[in-house]
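Here the protein sequences line up with chains A and B, keeping their order. Count the first sequence with the working numbering and you get residues 130 to 326, in order. Count the second sequence with the working numbering and you get residues 130 to 326, in order. Even for Gly, the Cβ is constructed at its ideal location relative to N, Cα and C. Values in this document were obtained by computation on a predicted structure and should not be read as measured data. Here's the structure, in structure tokens; my notes come after.
Number of protein chains: 2
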Amino acid sequence: SELAGADPVVAARAAFVAEADRLKTITRATTLCDGSRFENSAEHSWHLALYALTLAEHAPAGVAPFRVIRMLLLHDLVEIDAGDAPIYAQTAASQAAMADLEEAAAARLFGLLPADQGADLNALWHEFEEAETPDARFAKALDRFQPPMQNIASDGVSWRSNNVTYQMVDARVGAAVRRSLPDLWAHVAPRIAALLD
Amino acid sequence: SELAGADPVVAARAAFVAEADRLKTITRATTLCDGSRFENSAEHSWHLALYALTLAEHAPAGVAPFRVIRMLLLHDLVEIDAGDAPIYAQTAASQAAMADLEEAAAARLFGLLPADQGADLNALWHEFEEAETPDARFAKALDRFQPPMQNIASDGVSWRSNNVTYQMVDARVGAAVRRSLPDLWAHVAPRIAALLD
Ligand SMILES: [Ca+2]
Numbered sequence: 130s131e132l133a134g135a136d137p138v139v140a141a142r143a144a145f146v147a148e149a150d151r152l153k154t155i156t157r158a159t160t161l162c163d164g165s166r167f168e169n170s171a172e173h174s175w176h177l178a179l180y181a182l183t184l185a186e187h188a189p190a191g192v193a194p195f196r197v198i199r200m201l202l203l204h205d206l207v208e209i210d211a212g213d214a215p216i217y218a219q220t221a222a223s224q225a226a227m228a229d230l231e232e233a234a235a236a237r238l239f240g241l242l243p244a245d246q247g248a249d250l251n252a253l254w255h256e257f258e259e260a261e262t263p264d265a266r267f268a269k270a271l272d273r274f275q276p277p278m279q280n281i282a283s284d285g286v287s288w289r290s291n292n293v294t295y296q297m298v299d300a301r302v303g304a305a306v307r308r309s310l311p312d313l314w315a316h317v318a319p320r321i322a323a324l325l326d
Numbered sequence: 130s131e132l133a134g135a136d137p138v139v140a141a142r143a144a145f146v147a148e149a150d151r152l153k154t155i156t157r158a159t160t161l162c163d164g165s166r167f168e169n170s171a172e173h174s175w176h177l178a179l180y181a182l183t184l185a186e187h188a189p190a191g192v193a194p195f196r197v198i199r200m201l202l203l204h205d206l207v208e209i210d211a212g213d214a215p216i217y218a219q220t221a222a223s224q225a226a227m228a229d230l231e232e233a234a235a236a237r238l239f240g241l242l243p244a245d246q247g248a249d250l251n252a253l254w255h256e257f258e259e260a261e262t263p264d265a266r267f268a269k270a271l272d273r274f275q276p277p278m279q280n281i282a283s284d285g286v287s288w289r290s291n292n293v294t295y296q297m298v299d300a301r302v303g304a305a306v307r308r309s310l311p312d313l314w315a316h317v318a319p320r321i322a323a324l325l326d
């Protein structure tokens, strides 16, 4: 609905934040800490940004907390079009198909913004996905670290329903977390073992 | 559950982010843009941080976007103990009682963290509440601006169910938004009028 006198830059940004609202309807495979329901990707993104704010002191040298938080606020927006792919259900073929869907989603969603800003945020999302810079690796490590924390709190409700073993968590989560957050892995590893062994 | 060898600083930060998870269970008076359900305060906090990231160019001179985003990530945590107080239901007496509850909530929640960090985050939350610095005013303006955006998208579902008028929105929301975000108020004011007049 175009109204007279609307500033097109403001209108574009307003359309982007309104469209982003749909991330609140994307359900993840991880529950709340109380096990009462599955979490959605919007509240998950908030939680990860709060993790980054709280745990910044444990980041490797050279990590810029503000860039990490910006990445985490954006990192799941592509799920609005592509959906959430639970980590324990992925195969090489499903990952390749998902990467194409996510690429198209990023083009559509960041394309709602003024061109320069959309390109900047799309580049930040790609940096996260590629997980090659220290900021992106730290952001990815937090994204891997939070679901075990939810499972520890809920006595492993989402792990148990997916028959997840300690070896699976160690292989798919442990590697990324150990590399960027060794102190935090040391905190959770014995708790994961106690739950799943 | 204390495990041998746990680093107490890591354990404190892990306890804080796990407790913060409860913000996902606090329901607000505003719905999603699609009107399908009320939003919760965790996903709302994510959305506001995304607003700040997207709309930083419209902030008054001197506003530091990272401080604003940190404030917004934290601003509703006290609701875990104190609940959400819908803006159109507040009186002077209910506001004073709520302020006491929120003060105690902040002491408890930020008190889970290592002392220095807890004091820093508690001070940031107080800065937001007092709304006197440019960063806090911008953060508060975004917090006022987002519910009208949700109502415009949902054809005013939560306003209609509370018999909200244009004059009420203008008085309780317009003043704060106009001061910090005049371009954005110019964008939404005619849309609000079209919906509520
Ligand atoms: Ca994620």
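Assignment of Thr220(A) by DSSP, reduced to helix, strand and coil, places it in the coil class. By the 16-neighbour rule on beta-carbons within 10 angstroms, Gln219(B) is exposed. Closer than 8 Å to the CB of His176(B) there is at least one CB belonging to chain A. Not one beta carbon of chain A lies nearer than 8 Å to the beta carbon of Ile209(B). Residues of chain B with a Cβ closer than 8 Å to the Cβ of Asp136(A) are, in chain order, Asp312, Ala315 and His316.
For Phe167(B), the pairing in a beta bridge is given by DSSP as Thr160(B). The way I'd put it, the segment 185–199 of chain B does touch the segment 250–265 of chain B; three or more beta-carbon pairs between them come closer than 8 Å. Annotation for Lys269(A): the continuous alpha helix (DSSP H) segment containing it runs Pro263 to Ala282.
In its chain, beyond the 5 residues on either side, Leu152, Ile155, Arg157, Asp205, Glu208 and Asp213 have a beta carbon closer than 7 Å to the beta carbon of Ser170(A). Excluding residues up to 5 positions away in sequence, Glu168, Pro276, Gln279 and Ser287 lie with their Cβ nearer than 6 Å to the Cβ of Thr159(B) in the same chain.
Put simply, the segment 306–320 of chain B touches the segment 179–194 of chain B. At least three CB pairs are less than 8 Å apart. If you draw a straight line from the Cα of Met200(A) to the Cα of Ala141(A), it comes to about 20 Å. Cβ contact annotation for Ala188(A) (same chain, cutoff 6 Å, sequence separation greater than five): Phe267, in chain order. Shown here, Thr294(A) sits in coil according to DSSP, grouped into three states, outside any helix or strand. Residues of the segment 139–166 of chain A with a C-beta less than 9 Å from any C-beta of chain B: Val139, Ala140, Arg142, Ala143, Phe145, Val146, Ala147, Glu148, Ala149, Asp150, Arg151, Leu152, Lys153, Thr154, Leu161, Cys162, Asp163, Ser165 and Arg166, listed in chain order.
Here the C-alpha atom of Leu238(B) lies approximately 20 Å from the C-alpha atom of Ser174(A). Within the segment 258–280 of chain A, Gln275, Met278 and Gln279 place their CB atoms closer than 9 Å to a CB of chain B, listed in sequence order. For Ala252(B), the enclosing alpha helix (DSSP H) has its first and last residue at Ala244 to Glu259. In the DSSP assignment, Asp205(B) falls outside any alpha helix (DSSP H) and carries neither an H nor an E.
In this structure, Ala322(A) keeps its C-beta atom at 8 Å or more from the C-beta atom of Ala270(A). Scanning chain B for C-beta atoms nearer than 7 Å to the C-beta of Leu179(A) yields Val146, Ala149 and Leu202, reported in chain order. Contact with chain B is absent for Thr220(A), since none of that chain's Cβ atoms lies less than 8 Å from the residue's Cβ. Here Ala178(B) is buried, its C-beta having at least 16 other C-beta atoms within 10 Å.
The beta carbon of Leu161(A) is closer than 6 Å to those of Glu168 in its chain, skipping five residues each way along the sequence. Among the residues of chain A, those whose CB is under 8 Å from the CB of Glu168(B) are Lys153, following chain order.
Within chain A, the residues whose beta carbon sits less than 7 Å from that of Arg199(B) are Leu182, listed in sequence order. When the alpha-carbon of Val138(A) is set against those of Ser223(A), Ala221(A), Gln224(A) and Gly247(A), the nearest one is in Gly247(A). The C-beta distance from Glu231(A) to Ala260(A) rounds to 14 Å, too long to fall under 8 Å, and the pair is not in contact. For Ile321(A), the enclosing alpha helix (DSSP H) has its first and last residue at Pro311 to Leu325. Shown here, Pro194(A) sits in a helix according to DSSP, grouped into three states. At least one CB atom of chain B sits nearer than 8 Å to the CB of Phe195(A). For Ala171(A), the nearest CB of chain B lies under 8 Å from its own CB, placing it at the interface with that chain. Within chain B, Ala147 and Asp150 have C-beta atoms less than 9 Å from the C-beta of Ala282(A), given in sequence order. Note on geometry: alpha-carbon atoms of Arg273(A) and Arg289(A) lie some 18 Å from one another. In summary, Ala149(A) is buried, with 16 or more beta-carbon neighbours lying within 10 Å of its beta-carbon over all protein chains present.
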